[in-house]
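Numbering (my numbering), first residue to last: 51 to 274. Where a beta carbon is used, it is the ideal one built from N, C-alpha and C, also for glycine. These numbers were taken from a predicted model, which means no experiment stands behind them.
The following block contains the structure:
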């Protein structure tokens, strides 16, 4: 993609060493790796042509990198937390990619057990178990973000998503929340940034406009 700004990160020599990137154009979503993400998050990622996994920002325990709400099959409003015990080697400044699973083997067994307990009677359980092992295997990495990303990949694959996944830690960008989003979109050649309702509250569209990137507010699907 031709940079529209001489100071754009896309003009950096580092771009030549990037991982394989999508063809220019399309929709880009940027979001932290969430463990079995909520429908609203999953729908936003599914709407995009590629998802940039925001893995080099601070890990926050109140977010969903290490936990998910599971609804009961017979009573969806009756929910249970599925949590991966996570320790932060650098304290509160630990980045998402550096967060470690506390006792990965035990966490894997507990996760498998909780999922089976909640969904083992579903008619889709047999099909799910065929691919769930790929998520459980990522516990061997010892990293919470790897499990969260794998769980999202699983759901996107089951839905037939044909997009591409990249990691923000592999892409060059400049400081500043909105500037960074603009740089990440630009380096992939995106023409549209898919922004959730929460992100719209703080987003400054100016850096994206400089790169010729439109902002598409994403409205999550509604259910009855």
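Bridge partners - residue i, DSSP secondary structure assignment
i           : result
residue 77  : 242
residue 114 : Residue 114 pairs with nothing; no bridge assigned.
residue 278 : For the chain, the structure presents residues 51 to 274; residue 278 sits outside this window and is missing.
residue 204 : For residue 204, which the question treats as bridged, DSSP gives no partner whatsoever.
residue 108 : 145
residue 100 : 78 and 214
C-beta atoms of residue i and residue j nearer than 7 Å
i           : j           : result
residue 276 : residue 154 : In the structure displayed, the chain extends from 51 to 274; residue 276 sits before or after that span and is not available.
residue 78  : residue 176 : no
residue 151 : residue 194 : yes
residue 105 : residue 219 : yes
residue 223 : residue 257 : no
residue 109 : residue 144 : yes
residue 198 : residue 85  : yes
residue 271 : residue 97  : no
residue 204 : residue 172 : no
residue 225 : residue 245 : no
residue 206 : residue 80  : no
residue 102 : residue 209 : no
residue 185 : residue 200 : yes
Spatial neighbours of residue i in its chain, beta-carbon cut-off 8 Å, leaving aside the 5 residues before and after
i           : result
residue 127 : 121
7 Å CB neighbourhood of residue i in its chain, flanking five on each side removed
i           : result
residue 133 : 116 and 117
residue 211 : 96
residue 91  : 81 and 84
Residue i classed as buried or exposed, judged by whether at least 16 other C-beta atoms fall within 10 angstroms
i           : result
residue 249 : buried
residue 83  : buried
residue 157 : buried
residue 181 : exposed
residue 99  : buried
residue 174 : exposed
residue 243 : buried
residue 261 : buried
residue 111 : exposed
6 Å CB neighbourhood of residue i in its chain, flanking five on each side removed
i           : result
residue 164 : 132
residue 202 : 87
residue 75  : 241
Residue i (DSSP reduced to helix, strand or coil)
i           : result
residue 144 : coil
residue 267 : strand
residue 216 : strand
residue 130 : strand
residue 52  : Note that residue 52 scores a pLDDT of 36, beneath 50, so its modelled location is shaky; the value from the coordinates is reported in the next line. Residue 52: coil per DSSP, three-state reduction.
residue 64  : Here residue 64 scores only 46 on pLDDT, less than 50, and its place in the model should not be relied on; the value that follows carries that caveat. Reduced to three states, the DSSP call for residue 64 is helix.
residue 121 : strand
residue 252 : coil
residue 163 : helix
residue 234 : helix
residue 91  : helix
residue 6   : Nothing about residue 6 can be reported from this structure: the residues present for the chain run from 51 to 274 only.
residue 156 : helix
residue 224 : coil
residue 173 : coil
residue 261 : coil
residue 168 : helix
residue 272 : coil
residue 178 : helix
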